[in-house]
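Numbering (our numbering), first residue to last: 18 to 144. The C-beta atom is built at its ideal place from N, Cα and C for all residues, glycine as well. Structure first, commentary second.
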Amino acid sequence: MASLALRTAAFLNIKKAISRPVVRCMATAKEGGGIPETFEHATGLEKKELEAIRAGNLDPFDLQVKHCAPGTRDAPIEVPSVFEKRVVGCICEEEMTHVNWFNLYSGDPQRCDCGHWFQLKKREPIQ
Ligand SMILES: [Zn+2]
């Protein structure tokens with residue numbers, strides 16, 4: 018019986034220690050008037066992404082599919098990147114059932130197997 022009482026007391030101490038941060042978190046949410054939104058919780062790169070979206074840039078990492086006119090050697094399709102290379106997928110023809118993936122490196126324009134030309138365009142990362 019004594020051991021049961023000790024275990025219960027130890028469990029209550031642990032439960033009290035664990036529940037304190039939760040109570041503090043709930044108190045902070047109450048001060049703001051409700052449950053914090055995703056933007057308020059976000060940090061780091063996610064916060065920068067959400068700030069860019071709020072500023073009007075709906076594709077801050079240039080991940081959306083772009084439909085472009087065929088690129089030529091003199092006027093290649095520009096692919097933005099913050100790195101020295103980027104993986105590009107080309108749907109060479111409308112009826113294709115697969116995507117032709119290749120690495121696009123900075124420097125001279127590169128040609129896809131279908132004949133479309135691409136060139137990496139260096140851009141600054143979101144701030
Ligand atoms: Zn292609």
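Under the assumption that leucine 137 contacts arginine 103 (Cβ atoms under 8 Å), give the Cβ distance between them as a whole number of angstroms.
6 Å
So for leucine 67, helix, strand or coil by DSSP?
helix
Using beta-carbon positions only, say whether proline 142 and valine 99 come within less than 8 Å of one another.
yes
Count the other CB atoms, across all protein chains shown, that sit within 10 Å of the CB of histidine 133; report buried if there are 16 or more and exposed otherwise.
buried
Beta-ladder partner(s) of glutamate 110, from DSSP:
None, per the DSSP bridge assignment.
Cysteine 129: beta carbon under 7 Å from a heavy atom of ligand 1?
yes
Taking 7 Å as the cut-off, does the CB of asparagine 117 come closer than this to any heavy atom belonging to ligand 1?
yes
If I measure Cβ to Cβ from methionine 18 and keep anything under 8 Å in the same chain, skipping five residues before and after, which residues do I get?
At methionine 18 the pLDDT is 41, less than 50, meaning the model places this residue with poor confidence and gives no usable figure here.
How many Å lie between glutamine 144 and tryptophan 118 at the Cα?
29 Å
Taking arginine 140 as the reference, give the member of Ala59, Glu66 and Phe78 with the closest Cα.
Phe78
Alanine 86: which of Ser123, Met113, Arg71 and Cys107 sits nearest, CA to CA?
Cys107
Measure the C-alpha to C-alpha separation of phenylalanine 135 and glutamate 111 and round it to an integer number of angstroms.
18 Å
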